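Reading through the C-alpha cells given below for one structure.
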Amino acid sequence: MWLPIIGLVLGVALGFLFSVEIPLGYVKYTAIAILAAIDTTLGGLRAQLEDRFDLMIFLTGFVVNASFAALLAGIGDLLGLDIYLGAVIAFSIRIFDNIGFIRRDLIARHMKGGR
Amino acid sequence: MHSEERSGRTPTLAAARWPAALALVLALAGYLVVAQVRTEWQIRRALRIPSTQLEELAFLLRDQERGRAALESQVTELRGRLAAYEKAAAEGRTAAAKMSRDLQELRALAGITALVGPGITVELNDSTRLPRAGEDPNKTILHYSDIQGVVAELWAAGAEAISLNGERVVGTTGISCVGTTILANTKRLAPPFLIEAVGEPKQLVQALRRPGGAIELLTAFGFPVKVAPRELVEVPAYRGTFQFEYASVEGKE
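Protein sequence lines correspond, in order, to chains U and D. When we follow the numbering used here, the leftmost residue of the first sequence carries the number 1099, and every step to the right adds one. When we follow the numbering used here, the leftmost residue of the second sequence carries the number 96, and every step to the right adds one.
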C-alpha cells in the first residue's frame, strides 16, 4: 500500500532534483501526459476496488492513451487546431467518472465493513 | 484489507505488481507535474504573464515585428529623402553664393561700389598763358569736350573704373556744360580737373600719349597736363540714383 506513495514522492523528488525545463512547444504534451497518468492511476484504483485489475490493461492503457493524446496534439499543431483539447476533455470526463466510481466503491465497502 | 483477501485467492502475482505499476505511473506523473509547474513558474517569473497567454503574445510579437520592419524601411526611406533635401539645400547654397558673387560683380560694374587698384591720374587745367590781343579766350580754357575726350580714350584703353573730380563716371554719366561750368552726373566741376582711372597703368599712359590723341592736342594748345601712373588709385562709389521711368526690362511684365 505504501509503494504507490513512495513512487509519487520519488517522482516529485526527482522532478525537484533533476529539473528539466520543458520547451514551450511541448508544454501541451506534458500536460496531456500528466492527465493520462492521473487517468490511468484512478482507472487502476477503480479496477482494483472492483476486483478486475489487470496489469497488462493498466500499463497498455496508460501508454496507448498517452500516445494517442500526444498524436492528437501533434495533428492539432499541424492543422493549427487545438484538437488536444478533445483528449483533455476525454481524460477529464474519465477522471471524474472514475472518481465517482471509486467514491461509491469505497462507500459501499465502508458500509459492508461497518456492518 | 481487500488486497489481502485477493492475494489469498490469486497467488502474489497481481497483488504484488499492481502497487508497483501504480507507483511507476505515479512517479512519472509526479515528475511531470513538478517539471511543468516549475516551467510555468519560470515563465511567469520571467515574463510576468501566464503561459496561457503566450500564443496571443506571440501573435502580438509577430505583429510588432512586422510593424518594426515597416518602420525601419520607412526610416531608411526618410533618411534618403533627408539626404536628397540636404543635397538640394547645399546646391541652393552654392547657387546663392554664385548669385551673390554675380551681384558683387554687377554692383562693381554699375559703379555703386568704391573700387581700388593700380591706375593713373590725369590732371588738366586751364591754360596759364593769357590770351593774346584779339584772340578768342575760349582757346585758353578747358571745354567739356576735352574732358570727354580724355575719359573716352581712357575707356577705350581698357580703364575699368573712372572718376572725375571725385565723381564716379558710370553708364549714365553725361559730361556737359552749362554756360561756363562743366557738369558731370549733374554736379558742377571746376578746374583743375583730376581724372582717376583704374587699369593697367602703362597701357593707359601709352594710350593717352599716342600721337594725335587728346593729350597731344591739349599740350599743343598750351594746357598744363600731368599724367602719372599710380600704384593705387581709389575710385569712389557713384552717389547718384538710377531711375528708369520709361525703360523696362524686355520680356518682363
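All residues carry an ideal CB built from backbone N, CA and C; glycine is no exception. As the structure is a prediction and not an experimental result, all values here were calculated from the model.
Could you tell me which chain U residues have their CB closer than 9 Å to the CB of glutamine 137 of chain D, listed as they occur along the chain? In chain order: Glu1119.
Classify lysine 1210 of chain U: buried if its beta carbon has 16 or more other beta carbons within 10 angstroms, exposed otherwise. Around the beta carbon of lysine 1210 of chain U, fewer than 16 other beta carbons lie within 10 angstroms, which makes this residue exposed.
Burial state of tyrosine 180 of chain D, where buried means 16 or more other Cβ atoms lie within 10 Å: It is exposed - the Cβ of tyrosine 180 of chain D has fewer than 16 other Cβ atoms within 10 Å.
Under the assumption that isoleucine 1193 of chain U contacts aspartate 1137 of chain U (Cβ atoms under 8 Å), give the Cβ distance between them as a whole number of angstroms. 5 Å between Cβ atoms; contact.
Cα-Cα separation between proline 114 of chain D and leucine 1101 of chain U, rounded to whole angstroms: Rounded to the nearest angstrom, the two C-alpha atoms are 6 Å apart.
Within 8 Å (strictly less), CB to CB, does isoleucine 1104 of chain U reach chain D? Put simply, the CB of isoleucine 1104 of chain U is near chain D, with a gap under 8 Å to one of its CB atoms.
When you compare the CB positions of glycine 349 of chain D and glutamate 255 of chain D, do they come within less than 8 Å of one another, or not? Chain D is shown only over 96 to 348; residue 349 of chain D falls outside these bounds and no answer can be derived.
Would you decide whether alanine 292 of chain D is buried or exposed? Buried here means 16 or more other CB atoms lie within 10 Å of its CB. It is buried - the Cβ of alanine 292 of chain D has at least 16 other Cβ atoms within 10 Å.
Limits of the unbroken alpha helix (DSSP H) element including glycine 1159 of chain U: Residues 1153-1177.
Is it a yes or a no for the region 216-228 of chain D touching the region 257-267 of chain D, going by three-plus beta-carbon pairs under 8 Å? Two segments are said to touch when three or more pairs of C-beta atoms, one from each, lie closer than 8 Å; by this definition the region 216-228 of chain D does not touch the region 257-267 of chain D.
Nearest-angstrom Cα distance between proline 145 of chain D and alanine 1168 of chain U? So the two alpha carbons sit approximately 23 Å from each other.
Leucine 1115 of chain U by DSSP, collapsed to three states: which one? Of the three classes helix, strand and coil, the one that applies to leucine 1115 of chain U here is helix, per DSSP.
What does the Cβ neighbour count give for glycine 1094 of chain U, buried or exposed, with the cut at 16 atoms within 10 Å? Lying before the first or after the last residue shown, residue 1094 of chain U is absent from chain U, which here runs from 1099 to 1213.
9 Å Cβ cut-off: residues of chain D touching valine 1110 of chain U: Neighbours of valine 1110 of chain U on chain D, chain order: Ala122, Gly125, Tyr126, Val128 and Val129.
Buried or exposed: where does valine 120 of chain D fall if 16 or more other Cβ atoms within 10 Å of its Cβ makes it buried? Valine 120 of chain D should be labelled buried.
According to DSSP, what are the bridge partners of serine 271 of chain D? Answer is D/Leu278, bridged to serine 271 of chain D.
Leucine 289 of chain D bridges to which residues according to DSSP? Answer is D/Glu218, bridged to leucine 289 of chain D.
Selected residue, minimal CA-CA separation from aspartate 1203 of chain U, among U/Gly1172, U/Leu1176, U/Asp1149 and U/Phe1116: Among U/Gly1172, U/Leu1176, U/Asp1149 and U/Phe1116, the Cα nearest to that of aspartate 1203 of chain U belongs to U/Asp1149.
Can you tell me whether DSSP reads isoleucine 1181 of chain U as helix, strand or coil? Of the three classes helix, strand and coil, the one that applies to isoleucine 1181 of chain U here is coil, per DSSP.
Could you name the residues of chain D that isoleucine 1193 of chain U contacts, counting a contact when the two beta carbons are closer than 8 Å? Correct list: empty, because the minimum Cβ distance to chain D is about 12 Å.
In chain order, each alpha helix (DSSP H) run of at least 4 residues that lies wholly inside the region 303-343 of chain D: Fully enclosed alpha helix (DSSP H) runs of no fewer than 4 residues occupy 309-315 of the region 303-343 of chain D, in order along the chain.
How far does the alpha helix (DSSP H) with leucine 152 of chain D in it reach, from first residue to last? Per DSSP, the continuous alpha helix (DSSP H) segment holding leucine 152 of chain D begins and ends at 149-205.
Flag this pair as yes or no: are the beta carbons of valine 1162 of chain U and threonine 134 of chain D separated by less than 8 Å? In terms of Cβ geometry, valine 1162 of chain U and threonine 134 of chain D do not form a close pair [threshold 8 Å].
I'd like the list of long-range same chain contacts for proline 106 of chain D, defined as Cβ closer than 6 Å, with 5 residues on each side in sequence excluded. Here proline 106 of chain D scores only 44 on pLDDT, less than 50, and its place in the model should not be relied on; the value that follows carries that caveat. Only residues of its own chain outside the window of five on either side were considered, and among them none has a CB closer than 6 Å to the CB of proline 106 of chain D.
With serine 1117 of chain U and alanine 130 of chain D assumed to form a contact (beta carbons below 8 Å), what rounded beta-carbon distance in angstroms separates them? Contact between serine 1117 of chain U and alanine 130 of chain D holds, with the beta-carbon distance rounding to 7 Å and staying under 8 Å.
Looking at chain D, which residues of the region 1133-1154 of chain U have a Cβ within less than 8 Å of any of its Cβ atoms? Listed by position, the residues of the region 1133-1154 of chain U near chain D (Cβ gap below 8 Å) are Ala1135, Ile1136, Thr1138, Thr1139, Gly1142, Leu1143, Gln1146, Leu1147, Asp1149, Phe1151, Asp1152 and Leu1153.
Give the straight-line distance between the Cα atoms of asparagine 1207 of chain U and threonine 1139 of chain U, rounded to the nearest whole angstrom. For the sequence presented, residue 1207 of chain U should be read as arginine rather than asparagine. Taking the straight line from one Cα to the other gives about 20 Å.
Looking at the C-beta of alanine 1129 of chain U, does it have a partner C-beta in chain B at a distance below 8 Å? Reference to chain B is not applicable here, since the protein chains of this structure are U and D.
Which chain U residues are close to arginine 112 of chain D, counting only those with a beta carbon under 7 Å from its beta carbon? Those within 7 Å of arginine 112 of chain D in chain U are Leu1153.
In angstroms with no decimal places, state the Cα-to-Cα distance between glycine 162 of chain D and valine 170 of chain D. For the pair glycine 162 of chain D and valine 170 of chain D, the Cα-to-Cα distance works out to about 12 Å.
Measuring CB to CB, does glutamate 252 of chain D end up less than 8 Å from valine 330 of chain D? Rather than glutamate, the amino acid found at residue 252 of chain D in this sequence is alanine. Valine 330 of chain D sits away from alanine 252 of chain D, with the two beta carbons spaced by 8 Å or more.
Report the residue from U/Arg1201, U/Asp1180 and U/Gly1105 whose alpha carbon sits nearest the alpha carbon of glycine 1123 of chain U. With respect to the C-alpha of glycine 1123 of chain U, the residue from U/Arg1201, U/Asp1180 and U/Gly1105 having the closest C-alpha is U/Asp1180.
Nearest-angstrom Cα distance between arginine 1144 of chain U and tyrosine 1182 of chain U? Whole-angstrom Cα-Cα distance: 25 Å.
In angstroms, rounded to a whole number, what distance separates the CA positions of isoleucine 215 of chain D and valine 320 of chain D? Straight-line Cα distance between these residues: approximately 13 Å.
With contact counted as at least three CB pairs below 8 Å, one residue from each stretch, are the region 333-340 of chain D and the region 260-270 of chain D in contact? Segments in contact, yes.
Interface residues of the region 159-182 of chain D facing chain U [CB-CB below 9 Å]: Within the region 159-182 of chain D, no residue has a Cβ that lies closer than 9 Å to any Cβ of chain U.
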